[in-house]
Amino acid sequence: MTDIPVITTTGLTKVYRSGDREVTALDGVDLHVREGEVYGVIGQSGAGKSTLIRCVNLLERPTSGTVTVAGQDLTELAGRGQRANPALRAARSHIGMVFQHFNLLSSRTVQDNIELPLEILKVGRRDRARKALELLDLVGLADKAKAYPAQLSGGQKQRVGIARALAGDPKVLLSDEATSALDPETTRSILQLLRDLNRQLGLTVLLITHEMDVVKTICDSAALMKGGRIVEQGTVTELLATPGSELATELFPVTGEATAEDRTVVDVTFHGEAATEPVISTLSRTYNVDVSILGAAMDTVGGKQIGRMRIELPGRFEDNVVPIGFLREQGLQVDVVGRGAPQTPDAAVLTKEVAK
Amino acid sequence: MSWNAMQSVLSTATLDTLFMVWWSTVWAVIGGLPVGILLVLTGPGRQLQNSAVNKVLGAVVNVGRSIPFLILVIALIPFTRYLIGTASGPSAAVVPLAIGAIPFFARLVETAVREVDGGLVEAAQSMGGGTWTIIFKVLLPQALPSLVAGLTNTVVTLISYSAMAGAVGANGLGSVAITYGQQRNDMRFVGVTVVLIVIIVTVIQLAGDLVVRRLAARGGRANAPVRLLKLPKARVTADEAA
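Just so you know, the sequences run in chain order G and E. Under full-length UniProt numbering, the letters of the first sequence match residues 1 to 356, in that order. Under full-length UniProt numbering, the letters of the second sequence match residues 1 to 242, in that order.
Below is the structure:
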């Protein structure tokens, strides 16, 4: 992953008019997707995420705002008319897109489906066939070249959809709820494939989804959309470091209540920047305290731990200032849960304790 | 009239009928296909959205379809004479047949093309495809089974129209039934022409159905259009049933 922005939208707004009713689907969206990352936009249906991704390749024309993909200002390129001009079409052929319902042509074989974008790019017949077979191999369907889509399972169809999206050697892949029509196991294998492609080809993936699991499984960065606006966005680490972040809470939910009155419940957030040492057991040994883990949502990414853990320390907060200070020294974010307030994990009032 | 004489009259008439149906079908496709596609693409929210063109085309097609064929033939006599030089004979009959069939086929094309999943058009657009790509690589191939079924329907209708055209001097089987059957009261001619027309219609319908089923088999059963004529189902043998 680099810091080069590959998809940027500024002030993206889309208003649908029907008669005298106006619906604002996008309300000033600023999106920043960096090269080589998997970026997930999550939101409930009607939040505008589908409109957003369709605005990125201008399948949907924004009412105002700009879209820049790989250094090209698409909104400027497209001009005013509703029809896609050759310049916009050329830009689109280098932006891959996969769809929830696959959108494969039932009249064509798998191989011919993958060749379609190459036909549009006017690639010769031999080169088309070679490229299509290569891509089929890449998505693990080398034996299905001559099959028709109707003969494939949902997961296989989406693999073909992905292969087709890669035919134009895109730098960017847009995924419009690509796994929403698939069962959990198939979803995992498709996400794994997207992850592999992201790593192997350095492909930037912008995906929209309503499933938190998708974000959790493959995203480096995420944005939460509500009512046509992005209310939170950042890398998973940044989100974790944001106190009260809704996405972080959803991504790494921790629950658990104090087991007795005179105990301190602490949420420890691992940003991935902390030392890879086993801090909890170090804490236990150094200060001779019995740490109970009430709940944890952890992932190990690149050898570093990311996530949250809710632990319980014996004694009241006043007795635990030193151990908590130790955790902070390790570079961890520590929030003391509901000091004085009754313990309700969902509405956990995260009282940020004064750091020394 | 001897059987031999009858045979020569009937074979000439059959060839005339096939001639009229063939050429009017060719014109129906040449005219109806683009009109049907334009009716879809100029509609609201489509690639070539243009409500003026859409409304005018729609109105022309509606008027064309609502004129009874016999009246159309008579109304077009001056036009036919201008184009062909005469208003009688099989060549002249092709003019009203084609003009009657174009709006008929155009509506069937419109329905078939409209049924193509919008997601496929969107996918093609996302690959950088333009309007021509969408028409020739998405809409027409995907609608092909329905288009063939519509064409079969059009041909069958044209056979019936061609018999009507026979009433106003177009030759062909319809004209034979009228000249020999009605005017000379030789009912054998009526019987034989009916049988011949039934055979022609059946052959065309079976051929059309076969092509449609071949095409639809690729896309899975979900896309298979309703068949117009039922073919006998293959018998399930005891082994297969068990």
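Even for Gly, the Cβ is constructed at its ideal location relative to N, Cα and C. Bear in mind the structure is a predicted one, so any value in this text is a computation, not a measurement.
- In the DSSP annotation of this structure, G:LYS216 is not part of any beta strand (DSSP E); the continuous alpha helix (DSSP H) holding it starts and ends at 212-218.
- For G:TYR148, the nearest CB of chain E lies under 7 angstroms from its own CB, placing it at the interface with that chain.
- By alpha-carbon distance to E:VAL168, the top candidate from E:ALA59, E:ILE99, E:ILE77 and E:GLY128 is E:ILE77.
- Along the segment 124-143 of chain E, the positions whose C-beta sits under 8 angstroms from a C-beta of chain G are ALA124, GLN125, SER126, MET127, GLY128, GLY129, GLY130, THR131, THR133, LYS137, VAL138, PRO141 and GLN142, read in chain order.
- Around the beta carbon of G:ARG263, a 10 Å sphere encloses 16 or more other beta carbons of the protein chains shown; the residue is thus reported as buried.
- Contact between the segment 178-188 of chain G and the segment 140-154 of chain E is absent, with fewer than three C-beta pairs closer than 8 angstroms.
- Counting along the chain, the unbroken alpha helix (DSSP H) around G:LYS49 starts and ends at 49-56.
- Distance from the CA of G:VAL67 to the CA of E:GLY100, rounded to the nearest whole angstrom, comes to 50 angstroms.
- Taking the Cα positions, G:GLY36 is about 9 angstroms away from G:ILE4.
- Where G:MET97 is concerned, the enclosing beta strand (DSSP E) starts and stops at 95-99.
- Residue contact with chain G for E:ARG65: absent (no Cβ-Cβ distance below 7 angstroms to any residue of chain G).
- Cβ-Cβ separation between E:ILE102 and E:TRP22: approximately 15 angstroms, too far for a contact (criterion under 8 angstroms).
- The Cβ-Cβ distance between E:VAL156 and E:VAL201 falls below 7 angstroms.
- Within the model, the alpha-carbon separation for G:SER221 versus G:GLY307 is close to 14 angstroms.
- Under the DSSP definition of a beta bridge, G:HIS271 lacks any partner.
- Measuring C-alpha to C-alpha distances from E:VAL121 to each of G:GLY11, G:VAL110, G:THR24 and G:LEU59 identifies G:LEU59 as the nearest.
- The beta carbon of G:MET212 sits no closer than 7 angstroms to any beta carbon of chain E.
- Counting every other CB atom within 10 Å of its CB across the protein chains shown gives G:LYS171 a total of 16 or more, marking it as buried.
- When C-beta distances to chain G are compared with 8 angstroms, the residues of the segment 105-118 of chain E below that value are ASP117, in chain order.
- For the 7 angstroms CB-CB criterion, G:GLY65 and G:GLY19 do not form a contact.
- The C-beta of E:ALA5 has fewer than 16 other C-beta atoms within 10 Å across all chains shown, which makes the residue exposed.
- The segment 215-254 of chain G contains, as complete beta strand (DSSP E) runs of 3+ residues, the segments 221-226 and 229-235 (chain order).
- By the neighbour-count definition (other C-beta atoms within 10 Å, threshold 16), E:VAL198 is an exposed residue.
- In the structure shown, the three-state DSSP call for G:ARG308 is strand.
- With a 10 Å radius around the Cβ and a threshold of 16 neighbouring Cβ atoms, E:PHE136 comes out exposed.
- Annotated three-state conformation of G:GLU22 is strand, per DSSP.
- Within the same chain, and ignoring the five residues on either side of G:VAL110 in sequence, the residues whose Cβ sits closer than 6 angstroms to its Cβ are LYS144, ALA145, ALA147 and VAL160.
- Here E:VAL190 has ALA177 and GLY181 as same chain residues with Cβ atoms under 6 angstroms from its own Cβ, once five neighbours each way along the sequence are excluded.
- In this structure, the CA atom of G:ARG126 is about 10 angstroms from the CA atom of G:ALA132.
- The closest CA to that of E:THR80, considering only E:VAL94, E:ARG107, E:ILE71 and E:VAL56, is found on E:VAL94.
- Here E:ASN62 has PRO103 as same chain residues with Cβ atoms under 8 angstroms from its own Cβ, once five neighbours each way along the sequence are excluded.
- Collapsing the DSSP output to three states places G:GLY79 in coil.
- G:TYR16 is bridged by DSSP to G:VAL23.
- The C-beta of G:ARG89 comes closer than 7 angstroms to at least one C-beta of chain E.
- Residues of the segment 164-176 of chain G with a Cβ closer than 9 angstroms to any Cβ of chain E, in chain order: ARG164, ALA165, ALA167, GLY168 and LEU174.
- Within the segment 110-139 of chain G, those residues whose Cβ lies closer than 8 angstroms to any Cβ of chain E are, in chain order, LEU116, PRO117, GLU119, ILE120 and LEU121.
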